[in-house]
Each structure stands twice: as C-alpha cells, then as structure tokens.
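Quick note: the sequence shown uses the numbering used here, first residue 10, plus one each step. Beta carbons are placed, not taken as given, at the ideal position from N, Cα and C, and that holds for glycine. First up is the structure itself, then whatever we jot down about it.
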Amino acid sequence: MRIQIGQIDVNYLDEGPADAGEAVVFLHGWGANITLYRPIFGLIAEKRRVVAMDLPGFGETAEPDAPWEVRDFGDFATAFIQALGLKQVLLFGHSHGGRVALDIAARENLPFTLTRAILMDSAGVLPQKTLWQKLRQRQYKIARTVLALPPVKALYPDALENLRRSRGSADYQNASPLMRQTLVKVVNTSMEWAMPKIKAPVLLIWGEDDTATPLADGERMEALIPGAGLVKIPRAGHFPYVDSWPLVSRVLAAFLDSKEGT
Numbered sequence: 010m011r012i013q014i015g016q017i018d019v020n021y022l023d024e025g026p027a028d029a030g031e032a033v034v035f036l037h038g039w040g041a042n043i044t045l046y047r048p049i050f051g052l053i054a055e056k057r058r059v060v061a062m063d064l065p066g067f068g069e070t071a072e073p074d075a076p077w078e079v080r081d082f083g084d085f086a087t088a089f090i091q092a093l094g095l096k097q098v099l100l101f102g103h104s105h106g107g108r109v110a111l112d113i114a115a116r117e118n119l120p121f122t123l124t125r126a127i128l129m130d131s132a133g134v135l136p137q138k139t140l141w142q143k144l145r146q147r148q149y150k151i152a153r154t155v156l157a158l159p160p161v162k163a164l165y166p167d168a169l170e171n172l173r174r175s176r177g178s179a180d181y182q183n184a185s186p187l188m189r190q191t192l193v194k195v196v197n198t199s200m201e202w203a204m205p206k207i208k209a210p211v212l213l214i215w216g217e218d219d220t221a222t223p224l225a226d227g228e229r230m231e232a233l234i235p236g237a238g239l240v241k242i243p244r245a246g247h248f249p250y251v252d253s254w255p256l257v258s259r260v261l262a263a264f265l266d267s268k269e270g271t
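This is the structure in structure tokens:
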C-alpha cells in the first residue's frame, strides 16, 4: 500500500481487523524493511490491526531530502499515524525503530492515545567508550580533517572515502551518502532523557546474546522506564524472533492479550 506523508511516498502494510480498537504500529530497525518481520505481523493480525511502514530511506520508501535526526523520524511516524486516523496505538519498535518509539512515547499532547509499547532489542543507550576507543576516535577525526583539506584531497582524492570505509560499520558502508549522515546523527543520540517520561506500560524483549544492542542496554531501559518489564530470550541475538520464535511469540501473545500490558 502507498500513502503520501509530506513530500515522501511511503510503502506500508495494514493488516488485521480494522475495528479491533488498539492498533499496533511497528517501526523497523536500521537497514531493514517491513518484509523482514512477517512472522510478527501475522501473529498480531490475528487479533489486532497492525500497521507498518518502510521508514524513509529504507525498503520501498524514498530517502528524506536532508539528513535526519531521531526527532525527525519521530515526527514522520507521528504524522503517519495521524494520517491513518489511528486513535489508540501500541508502539512496537525494533532496534532503530525502538529509538524512534522512545522519542514518540516521551511526547506530550500526541494526536492519538499511546496505550502501551513494546521495545525489542532497542537502540537508544549510548555505549561507554574506553580510553583506547576515545583515542582512536580522536585520531580518526584528526585524519578526517586533514584528508578533507583541498590540497590533500586534490593529491589523494580517494583517501577520505577509504578512511571512512575502513572505520565504518556494515550499516554505514551499505548506506547512501545522505543516509550515512543520518546514521551518524542517530547513533550518537542518547534516548535516556526520554525513558523516565514514558507513562504507558512498556514491555522490553531482549536477546541475551545480542551484540548490537547488548542486554545491558535493556537492563538500563528497565531501570529508567517507570514500570517497564524485561523479558530475556536465551540463546538469541539482535533478532530474537528469528532465533527463538516459539518463546517470543508466546511473550507477544500474552502481552497483547493482557489489558494493562503487564
């Protein structure tokens, strides 16, 4: 399905009973798209309306016209929800989508009622850098500044890009120039400020073996979000629904069936 939000033509899905009351709005992770989460959507659609879009810059949705911050993704998702006329919303975010969900959940005067939220291996807690990592980062910034100087760039036109590629993650290397700038902005944004402001019930689902957003991040969120509950998935990584679908599906079904989300 397609919908126009501002200047961006959005690819999205809308499944399940439209009159079920509470609708689940799913926000996917960085580098992903809605096709990767079909098992989750199928489970939710049995009893709830589930709506999910390819976020701008991913899947079949075009990139924004400028590098975005977390707040921009939050504004866009809020506008998407409003355009669909959803009144009662359960936000479900995975990884980067969880970061965006945190931004929305902390807001006042939303154009809909946030009933509750599910955060699965969510981003939003910045890792503590060691002294060695800080030194390497400093060295990288100095080298980047030098290689960007016009005389140096003229002599070594590929050096700056090669440096970026050598230091960048797979997500960074696979992104377009604009989305690389966006990635740098969002991964360096701590969402801890938002966590104590969330009033809706929150379920945290975390793979115990996640190396992208470690379990310690989930434990930090549990401590900062009032009344949040953390479910740890053994022998599962950053995509726990892939590694342990039977357990994750039971956890999701129980939460969706509960009235208070606990």
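Residues that DSSP places opposite residue i in a beta bridge
| i | result |
| --- | --- |
| Thr122 | Gln97 |
| Lys22 | Per the sequence shown, residue 22 should be read as Leu rather than Lys. According to DSSP, which records beta bridges pairwise, Leu22 is partnered with Ala61. |
| Lys241 | Trp215 |
| Ile151 | Answer by DSSP bridge pairing: none, since Ile151 is not bridged. |
| Leu128 | Gly102 and Leu213 |
| Ile17 | Ile14 |
Residue from the options whose Cα sits closest to the Cα of residue i
| i | options | result |
| --- | --- | --- |
| Ile14 | Phe82, Phe248, Gly238 and Asn183 | Phe82 |
| Phe50 | Pro73, Asp23 and Gly68 | Asp23 |
| Leu213 | Leu164, Gly107, Tyr21 and Tyr46 | Gly107 |
| Ala232 | Trp254, Met204, Val257 and Thr222 | Met204 |
| Arg47 | Glu217, Val251 and Leu265 | Val251 |
| Val211 | Ala114, His105 and Ala71 | Ala114 |
| Trp77 | Val260, Pro243 and Gln190 | Gln190 |
| Phe264 | Gly238, Ser178 and Met200 | Gly238 |
| Ala209 | Ile127, Ala184 and Asp18 | Ile127 |
| Leu274 | Met188, Lys206 and Asn118 | Residue numbering for the chain in the displayed model covers 10 to 271; residue 274 lies beyond these limits and cannot be assessed. |
| Met62 | Asp74, Leu52, Ala54 and His37 | His37 |
| Arg282 | Gln182, Met10 and His105 | As shown, the chain starts at 10 and ends at 271. That puts residue 282 outside it, with no answer to give. |
| Ala110 | Asp218, Phe35 and Glu31 | Phe35 |
| Asn118 | Pro255, Asp218, Glu69 and Ile207 | Ile207 |
| Ser131 | Ala168, Lys162 and Glu201 | Glu201 |
| Val195 | Val33, Glu31, Trp39 and Asp18 | Trp39 |
| Ile53 | Phe67, Ile12 and Glu31 | Glu31 |
| Ala184 | Phe67, Leu100, Asp167 and Val19 | Phe67 |
| Gly102 | Lys241, Thr220 and Ile43 | Ile43 |
| Asp18 | Leu192, Val59 and Asp74 | Asp74 |
| Thr222 | Val240, Pro120, Gly236 and Gly246 | Gly246 |
| Ser253 | Asp84, Ala41 and Asp218 | Asp218 |
| Asp28 | Tyr21, Ala157, Lys56 and Ala168 | Lys56 |
| Pro243 | Ile12, Leu224, Met230 and Leu261 | Leu224 |
| Asn20 | Ala41, Val33, Thr70 and Val60 | Thr70 |
Extent of the continuous alpha helix (DSSP H) run through residue i
| i | result |
| --- | --- |
| Arg11 | Per DSSP, Arg11 belongs to no alpha helix (DSSP H); it is in the beta strand (DSSP E), Arg11 to Ile14. |
| Leu135 | First-last for Leu135: undefined, no H or E at that position. |
| Trp254 | Trp254 to Asp266 |
| Phe89 | Val79 to Ala92 |
| Thr222 | Run containing Thr222: none; DSSP gives neither H nor E here. |
| Asp180 | Ala179 to Asn183 |
| Leu52 | Arg47 to Ala54 |
Collapsed DSSP secondary structure at residue i in the structure displayed
| i | result |
| --- | --- |
| Val34 | strand |
| Asp28 | coil |
| His103 | strand |
| Leu192 | helix |
| Ile207 | coil |
| Leu158 | coil |
| Val251 | helix |
| Gly66 | coil |
| Asp167 | coil |
| Asp74 | coil |
| Thr44 | helix |
| Glu201 | coil |
| Ile113 | helix |
| Gly246 | coil |
| Pro186 | helix |
| Gly236 | coil |
Test: residue i CB closer than 9 Å to a CB of chain C
| i | result |
| --- | --- |
| Trp77 | The structure shown contains no chain C; it holds only a single protein chain. |
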